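First comes the structure, then the notes that go with it.
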Amino acid sequence: MSAAELIEPIGAQGGALSLPDAADWLQGRTLYGGATALIAYTAAIRAFPDLPPLRAAQIAFVAPAGPEMELRRDIVRQGRNVVQVRSEIWCEGRCALTAFWLFGTARDGNASHEAARLTPFPAPATDSEPMMTGKGPAFIQNNFELRRAQDTSGPGEPVVRRWARLTDHGALDPVSELILLGDVLPPGAMRAMQRPGPISSINWSFNLIDTAPATQDGWWLAENACQQASGGYSAERLRLWNADGAQMLDGQQCVAIFG
Numbered sequence: 001m002s003a004a005e006l007i008e009p010i011g012a013q014g015g016a017l018s019l020p021d022a023a024d025w026l027q028g029r030t031l032y033g034g035a036t037a038l039i040a041y042t043a044a045i046r047a048f049p050d051l052p053p054l055r056a057a058q059i060a061f062v063a064p065a066g067p068e069m070e071l072r073r074d075i076v077r078q079g080r081n082v083v084q085v086r087s088e089i090w091c092e093g094r095c096a097l098t099a100f101w102l103f104g105t106a107r108d109g110n111a112s113h114e115a116a117r118l119t120p121f122p123a124p125a126t127d128s129e130p131m132m133t134g135k136g137p138a139f140i141q142n143n144f145e146l147r148r149a150q151d152t153s154g155p156g157e158p159v160v161r162r163w164a165r166l167t168d169h170g171a172l173d174p175v176s177e178l179i180l181l182g183d184v185l186p187p188g189a190m191r192a193m194q195r196p197g198p199i200s201s202i203n204w205s206f207n208l209i210d211t212a213p214a215t216q217d218g219w220w221l222a223e224n225a226c227q228q229a230s231g232g233y234s235a236e237r238l239r240l241w242n243a244d245g246a247q248m249l250d251g252q253q254c255v256a257i258f259g
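Note that full-length UniProt numbering gives residue 7 to position 7 of the sequence shown, counting from 1, and the numbers run on in steps of one.
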């Protein structure tokens, strides 16, 4: 099931949604977090099609999400410029995901400051080594292309950086692509783990730096960097750049580190 097929049956009315072919998107016993975030976002924008551009989001991965779900969404507040929408995924009678989406129209600016560029910027994706070929979860193998974007491997500085794109890039609008890709890498804390063990995203919040993101040939540079890890949790910073080095998304995440 492609990303476009995943969200195709989501209607404006919300309610029950069945995705019997979504096994390709499973990560353990739940759907991949980026997929559930995309489902929740799509439910919001299809229910309320006249929303201004997306600016930010706060997403909580509350419980495992399966292929049989109920979609709920409502406008929490609509002001002159900003609209805040809540969307939820319910599975088996309990909330599996809850999200707040902040949409806002542009205003005359009273501040101007460009996002810092990553230096040194890695070699282009087309010149970089493919990764995860024939390895990893099915949702990676079937839906994403990943390429190396850093020289280090194995233990070391707790940062994971990869070029990433959808196999069917261009089938989604760019904002939806970023939401689907934003959680695709393992946490930077993976490089600081003392032994192999399972990991699980608990939440994800982000600011969309560019409300009309664009890149070349579908390639985005993704980075997960551990800010601090202890007690079985890691505080992560998640960022995405386009192929020209302009930052598109800046986020934070709490990750559970088991084992």
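Quick reminder that beta carbons are idealized off the backbone N, C-alpha and C, glycines included.
Bear in mind that the values here come from a model prediction, so they are computed numbers and not experimental data.
By the C-beta density criterion, residue 83 is buried, having at least 16 other C-beta atoms within 10 angstroms.
Distance from the Cα of residue 180 is smallest, within the candidate group 127, 40 and 200, for 40. For residue 41, the uninterrupted alpha helix (DSSP H) run begins and ends at 33–47, by DSSP. Residue 177 sits in a helix when the DSSP states are folded into three classes.
If you check the CB distance, residue 172 and residue 162 do not come in under 7 Å. In the DSSP secondary-structure assignment, residue 185 is not bridged to any residue.
Remark: three or more beta-carbon pairs, one from each stretch, lie closer than 8 Å, so the stretch 235–250 and the stretch 110–121 are flagged as touching. Annotation for residue 240: the continuous beta strand (DSSP E) segment containing it runs 233–242. Each residue's CA atom was taken as its position, placing residue 103 and residue 49 some 12 Å apart. When only Cα atoms are considered, residue 91 and residue 28 end up about 16 Å apart. For residue 33, same chain residues with a beta-carbon under 6 Å away, outside a window of 5 residues either side, are 61, 183 and 201 in chain order.
A distance of 7 Å or more separates the beta carbons of residue 43 and residue 75. For residue 61, the secondary structure class from DSSP, reduced to helix, strand or coil, is strand.
Residue pairing by DSSP places residue 251 opposite 206 and 238 in a beta bridge. In the three-state reduction of the DSSP assignment, residue 191 falls in the helix class, which pools H, G and I. For the stretch 120–146, not one full-length beta strand (DSSP E) segment reaches 3 residues or more. Non-local beta-carbon contacts of residue 18 in its own chain, meaning distances under 7 Å to residues more than five positions away in sequence, involve 67 and 68 in chain order.
If you draw a straight line from the Cα of residue 227 to the Cα of residue 237, it comes to about 7 Å. Rounded to the nearest whole angstrom, the CA to CA distance from residue 199 to residue 108 is 43 Å. Going by C-alpha positions, residue 254 is about 32 Å away from residue 127.
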